[in-house]
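Asker: If you scroll down you'll find the structure; I have some questions about it.
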Amino acid sequence: MSTTMTLAKAITAGLDQVLANNPKSLLIGEDIGRLGGVYRVTDGLIDTYGADRVIDSPLGEAGIIGSCIGMAIRGYSPIAEIQFDGFVFPAFNQITTQLAKMRARSEGRFGAPVVIRIPYGGGIGSIEHHSESPEALFAHTAGLRIMTPSNAHDAYWMIQQAAECQDPVIFFEPKRRYWLKGEVDTVNPAPDAFKAQVIRPGDDATIVTYGPLVPVALAAAEAALEDGRSIEVIDLRSVSPIDFDTITESVEKTGRLIVTHEAPTFGGLGGEIAARITERAFLSLEAPVIRVGGFHMPYPVAKVEEQYLPDIDKVLEALDRSFAY
Amino acid sequence: MTQTMHEPSDETLIQLLTPEGERLSHAEYDSYVQDVDAEMLRGFYRDMALTRRFDQEATALQRQGQLALWVPLRGQEAAQIGSGRATRPSDYIFPTYREHGVALTRNVDFPQMLRVFRGISNGGWDPRENNFHMYTMVLAAQMPHATGYAMGIQRDQAGWDAKRLEQEGEAVVAYFGDGSSTEGDVHESMVFAASFNAPVVFFCQNNQWAISVPFHVQSKVPLADRAAGYGFPGIRVDGNDVLAVLAVTRWALERARRGEGPVLIEAVTYRMSAHTTADDPTKYRLSADEEAWVGRDPISRLEKYLIDNNLADEAFFAQVIEDGHEMANRVREEAMAFPDPTLAQSFANVYAEAHPLIQEELKWHLEYEAGFAETAEEEAAR
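For the protein sequence lines, the chains are U and G, in the order given.
Quick note: the first sequence uses the numbering used here, first residue 3, plus one each step.
Quick note: the second sequence uses the numbering used here, first residue -10, plus one each step.
Encoded structure:
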């Protein structure tokens, strides 16, 4: 059964499924109840499931994540909402020193299967702390899994996969794509969230990306056709772990790799991908792996963010460099 | 200095047993210890004495290089035994890293507690066996976990009537100290607990020192006063009086079970030893300060009471000493016999579900290590 939904509403529908199927699941966050969240992702769920399962919390990210850890130890499956990417840091300690390490600390006896939903990324013309991409900060911490859907169908299924996962999952939602409409097949599930997808096949170069830049990569691949270049696009979907097999296979075929993400290039996941693919497919590479990411600066003010963000032209420029090598 | 304000001579302090071993009557809290007979009192004495003996043994093991570190609790035995003995087995406890006495009351076997400090485990024991959580090393990080756990209890007990809550209701005790009281996690855990009326008792052992920083740097008011800001009761108890600690903790737990929400207990005590075996208190506090607290020793005051009231004879005290030696020997033997862990085990517990990076790195690690074994074999064969 296929329905057209925005990415945001697909997450709502996915959360609805989670709450309906697992009586131990619950949602907690700031303004997620009556208001339905600042992006209305939890809109209406409090009416169906009540205030004990769709919890409007006091303001306090460490309190939200810390409480989720306690509820998880008690046997609940909490899904927390952090209102914006730049506001997750008060909870950074709870996420990295407690949530990520509970299973290791308990010697495998139990973990804390908490899902943390975070709207992330820029391009929405907002004020400071509302446009960041902090995924690499979490990817560096063992014990966490990190997913990010790029389309409505994936969003519907991946949030359910995150909720079922016995490990803690940070679920980054590409907020500038919340209103992107797509077909959601509510019968046939999306592939395993930890498996990257080749979403456009090609022969001459590979673009690896995830979340908000997936439409950018697809548009760049389309534009590259004009130059006679056939570009393969991979949507990672999971950025921890990363499905290197799918990337390797693609690069062995195309010989060229561009990695693009909104997060700053320095210390970003693009570097990790470049290093691993260089190790795995060195002899297949016709050019160095090129990264297209944010600059090494705090996310800039809205008036200049278009110049900061990777876009179609920047990806095409990177492709030019790769082909000119 | 303001320090005298926090000493147990305070009028706001709940005390049932004076440092001289006199039993004071208390209109409100006597009823919470009515059932405490001679046998129970001897039990508390034994708990405290064994805990202190264990603490000594662990300190010695550290000095002998058998433990990486030890966290002494000397002086805090009454606060820990009194509060621990107030809990029911079904209650869940979130300790700091100094609650060896509480652990005893939760039937965590002493040698197990040394696994953390011997570098064998970061958890030590199975929290689900005794509802006694693992030690948390990041100060106050366990506090919001306690509130969350209590929120889970609330949901599990939804719809229970008053009688069932009283009989079967569960509650949580969250331990913290005067040092960690300043952490933001304490604040948020208390805000959340108050907002949701969660059945959690916040138990602060104010041992006067956060490593080298005295209490008055952490707070200008008694910590119990802070509870008013959250909208639940705060109570100060003589933390070296096992009977008073038992009474107020029972009161707080009963209240929490009835659905009346959290309580903050400030147990005023003193860290008679160092913060850890890596600490040197002579650098920051006067021996006069330490000596002043010797007279308020939690164990000797119960001993006086037991002797003065003919509730324990010499044979009892001799037996406790003997049991202590036996326990210490067993602790030492078992701790030294713990098998060493392998790094391969560390790989196993990072994730619950299969993870390609873990699998890849584990494979590499095992092959790398196997290479050494092969080299050794080849050399032996030569």
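Quick reminder that beta carbons are idealized off the backbone N, C-alpha and C, glycines included.
Using a Cβ-Cβ cutoff of less than 6 angstroms, which residues in the same chain neighbour A236 of chain G once the five nearest sequence positions on both sides are dropped?
Answerer: To locate residue 236 of chain G, count along the second sequence from 1; it is residue 247. Here the set comprises Y18, Y21, V22.
Asker: Helix, strand or coil for R107 of chain G, going by three-state DSSP, please let me know.
Answerer: Working through the second sequence from its first residue, we reach residue 107 of chain G at position 118. The answer is coil: DSSP assigns R107 of chain G none of H, G, I, E or B.
Asker: State yes or no: is the beta carbon of E228 of chain U nearer than 7 angstroms to at least one beta carbon in chain G?
Answerer: Here residue 228 of chain U corresponds to residue number 226 of the first sequence, with the count starting at 1. With 7 angstroms as the cut-off, E228 of chain U does not count as an interface residue toward chain G.
Asker: Identify the contact partners of P133 of chain G in chain U, using a Cβ-Cβ distance below 8 angstroms as the criterion.
Answerer: Here residue 133 of chain G refers to the residue found at position 144 when the second sequence is read from its first residue. Per Cβ cutoff of 8 angstroms: A64, G65, I67, G68, S69, I71, G72, Q96.
Asker: So, is P84 of chain G buried or exposed, given that buried needs 16 or more other C-beta atoms within 10 angstroms?
Answerer: Taking the second sequence and counting its residues from 1, the one referred to as residue 84 of chain G is at position 95. It is buried - the Cβ of P84 of chain G has at least 16 other Cβ atoms within 10 Å.
Asker: Note the first and the last residue of the continuous beta strand (DSSP E) segment covering A57 of chain G.
Answerer: Working through the second sequence from its first residue, we reach residue 57 of chain G at position 68. Counting along the chain, A57 of chain G falls outside any beta strand (DSSP E), and DSSP gives it neither H nor E.
Asker: Which term fits M325 of chain G, buried or exposed, when burial requires 16 or more other beta carbons within 10 angstroms of its beta carbon?
Answerer: Here residue 325 of chain G refers to the residue found at position 336 of the second sequence. With fewer than 16 Cβ atoms within 10 Å of its Cβ, M325 of chain G is classed as exposed.
Asker: Sorted by chain position, which residues of the same chain lie with C-beta nearer than 8 angstroms to T(-7) of chain G's C-beta, five sequence neighbours on each side aside?
Answerer: By one-based count along the second sequence, residue -7 of chain G stands at place 4. In this prediction, T(-7) of chain G scores a pLDDT of 38, lower than 50, which makes its location untrustworthy; the coordinate-derived value is nonetheless stated afterwards. If we look at T(-7) of chain G and ignore the five residues flanking it on each side, it has no Cβ neighbours.
Asker: Would H354 of chain G count as contacting chain U if we go by Cβ distances under 7 angstroms?
Answerer: For the purposes of this step, residue 354 of chain G is identified with residue 365 of the second sequence, where counting begins at 1. Cβ-Cβ to chain U under 7 angstroms: no for H354 of chain G.
Asker: Measuring CA to CA, which of U:A114, U:Y158, U:C70 is closest to T14 of chain U?
Answerer: The residue you call residue 14 of chain U lines up with position 12 of the first sequence. The candidate whose alpha carbon is nearest that of T14 of chain U is U:Y158.
Asker: Tell me, please, whether the CB atom of F181 of chain G is closer than 7 angstroms to any CB atom in chain U?
Answerer: As a working note, residue 181 of chain G is residue 192 in the second sequence. Interface residue, yes.
Asker: Compare the Cα-Cα distances from G31 of chain U to each of U:V40, U:P25, U:N24, U:N23 and report the closest residue.
Answerer: To locate residue 31 of chain U, count along the first sequence from 1; it is residue 29. Comparing Cα positions, the closest option is U:V40.
Asker: On the three-state DSSP scale, how would you describe P191 of chain U?
Answerer: Within the first sequence, residue 191 of chain U is the residue found at index 189, counting from 1. Looking at P191 of chain U - three-state DSSP - the assignment turns out to be coil, as it is neither helix nor strand.
Asker: What is the DSSP secondary structure of R105 of chain U, reduced to helix, strand or coil?
Answerer: Against the first sequence, residue 105 of chain U aligns to sequence position 103. Three-state result, R105 of chain U: helix.
Asker: Would you mind stating whether N196 of chain G and Y259 of chain G have Cβ atoms separated by less than 7 angstroms?
Answerer: Within the second sequence, numbered from 1, the residue matching residue 196 of chain G stands at position 207. Within the second sequence, numbered from 1, the residue matching residue 259 of chain G stands at position 270. A contact, by the Cβ cut-off of 7 angstroms.
Asker: Give the straight-line distance between the Cα atoms of D230 of chain G and A267 of chain G, rounded to the nearest whole angstrom.
Answerer: Residue mapping note: residue 230 of chain G aligns to position 241 of the second sequence, counting from 1. Residue mapping note: residue 267 of chain G aligns to position 278 of the second sequence, counting from 1. Distance between the alpha carbons of D230 of chain G and A267 of chain G is about 29 angstroms.
Asker: Assign M299 of chain U to buried or exposed, taking buried as 16 or more other Cβ atoms, counted over all protein chains shown, within 10 Å of its Cβ.
Answerer: If you number the first sequence from 1, residue 299 of chain U lands on position 297. Exposed, by the Cβ-count rule.
Asker: So, helix, strand or coil for I395 of chain G, using DSSP?
Answerer: A question about residue 395 of chain G goes unanswered here, because the residues of chain G that appear run from -10 up to 371.
Asker: Go to C167 of chain U, then tell me how far its beta strand (DSSP E) extends in each direction, as first and last residue.
Answerer: Counting from one through the first sequence, the residue named residue 167 of chain U turns up at place 165. Counting along the chain, C167 of chain U falls outside any beta strand (DSSP E), and DSSP gives it neither H nor E.
Asker: For V241 of chain U, count neighbouring C-beta atoms within 10 Å of its own C-beta (all shown protein chains included) and say buried if the count is 16 or more, exposed if not.
Answerer: Locating residue 241 of chain U in the first sequence gives position 239, counting from the first residue. It is buried - the Cβ of V241 of chain U has at least 16 other Cβ atoms within 10 Å.
Asker: In the DSSP assignment, the beta strand (DSSP E) including V210 of chain U goes from what residue to what residue?
Answerer: By 1-based counting over the first sequence, the position of residue 210 of chain U is 208. Element bounds for V210 of chain U: 207 to 211.
Asker: For the alpha helix (DSSP H) that F336 of chain G lies in, which residues bound it at each end?
Answerer: Counting from one through the second sequence, the residue named residue 336 of chain G turns up at place 347. Where F336 of chain G is concerned, the enclosing alpha helix (DSSP H) stretches over 332 to 337.
Asker: Quick one: is E177 of chain G near chain U, going by C-beta distance under 7 angstroms?
Answerer: Residue mapping note: residue 177 of chain G aligns to position 188 of the second sequence, counting from 1. Yes, because at least one Cβ of chain U sits closer than 7 angstroms to the Cβ of E177 of chain G.
Asker: List in chain order: all unbroken alpha helix (DSSP H) runs of 4+ residues lying wholly within the stretch 300 to 361 of chain G.
Answerer: With a minimum length of 4 residues, the continuous alpha helix (DSSP H) runs that stay inside the stretch 300 to 361 of chain G are 303 to 326, 332 to 337.
Asker: 7 angstroms is my cut-off, CB to CB: does G38 of chain U come that close to chain G?
Answerer: Stepping through the first sequence from its first residue, residue 38 of chain U is reached at position 36. Cβ-Cβ to chain G under 7 angstroms: no for G38 of chain U.
Asker: Determine the chain C residues that contact V91 of chain G at a beta-carbon separation under 7 angstroms, and present them in chain order.
Answerer: Reference to chain C is not applicable here, since the protein chains of this structure are U and G.
Asker: Determine the DSSP secondary structure at R293 of chain U, reduced to helix, strand or coil.
Answerer: For the purposes of this step, residue 293 of chain U is taken as the residue at position 291 of the first sequence. R293 of chain U falls in the strand class under three-state DSSP.
Asker: Measure the alpha-carbon distance for G88 of chain U versus T94 of chain G and round it to whole angstroms.
Answerer: In the first sequence, the residue the question calls residue 88 of chain U occupies position 86. In the second sequence, the residue the question calls residue 94 of chain G occupies position 105. Cα to Cα, G88 of chain U sits roughly 43 angstroms from T94 of chain G.
Asker: Label Y86 of chain G either buried or exposed according to how many other C-beta atoms from any shown protein chain fall within 10 Å of its C-beta, with 16 as the threshold for buried.
Answerer: Residue 86 of chain G sits at position 97 when you count from the first residue of the second sequence. Classification for Y86 of chain G: buried.
Asker: Is the number of C-beta pairs between the stretch 129 to 140 of chain G and the stretch 150 to 158 of chain G that are closer than 8 angstroms three or more?
Answerer: no
Asker: Taking 7 angstroms as the threshold (C-beta atoms), are F174 of chain U and I120 of chain U in contact?
Answerer: Position 118 of the first sequence holds residue 120 of chain U. Position 172 of the first sequence holds residue 174 of chain U. Cβ distance < 7 angstroms, so I120 of chain U and F174 of chain U count as in contact.
Asker: Is M123 of chain G close to chain U? Criterion is C-beta to C-beta, closer than 7 angstroms.
Answerer: Working through the second sequence from its first residue, we reach residue 123 of chain G at position 134. It does; some Cβ of chain U falls within 7 angstroms.
Asker: Compare the C-beta of Y78 of chain U with all C-beta atoms of chain G and state if any pair is closer than 7 angstroms.
Answerer: As a working note, residue 78 of chain U is residue 76 in the first sequence. Output row for Y78 of chain U: interface = yes.
Asker: For G65 of chain U and Q162 of chain U, which I take to be in contact (beta-carbon distance under 8 angstroms), what is that distance rounded to the nearest angstrom?
Answerer: The count along the first sequence starts at 1 and reaches residue 65 of chain U at position 63. The count along the first sequence starts at 1 and reaches residue 162 of chain U at position 160. The pair is not a contact, with the Cβ atoms about 26 angstroms apart (cut-off 8 angstroms).
Asker: With respect to the beta strand (DSSP E) encompassing L28 of chain U, which residues constitute its N-terminal and C-terminal limits?
Answerer: Taking the first sequence and counting its residues from 1, the one referred to as residue 28 of chain U is at position 26. 27 to 31 is the extent of the beta strand (DSSP E) around L28 of chain U.
Asker: Sort U:G270, U:I260, U:Y310 by Cα distance to F325 of chain U and report the nearest one.
Answerer: Position 323 of the first sequence, counted from the first residue, corresponds to residue 325 of chain U. Checking every option, the nearest Cα to that of F325 of chain U belongs to U:I260.
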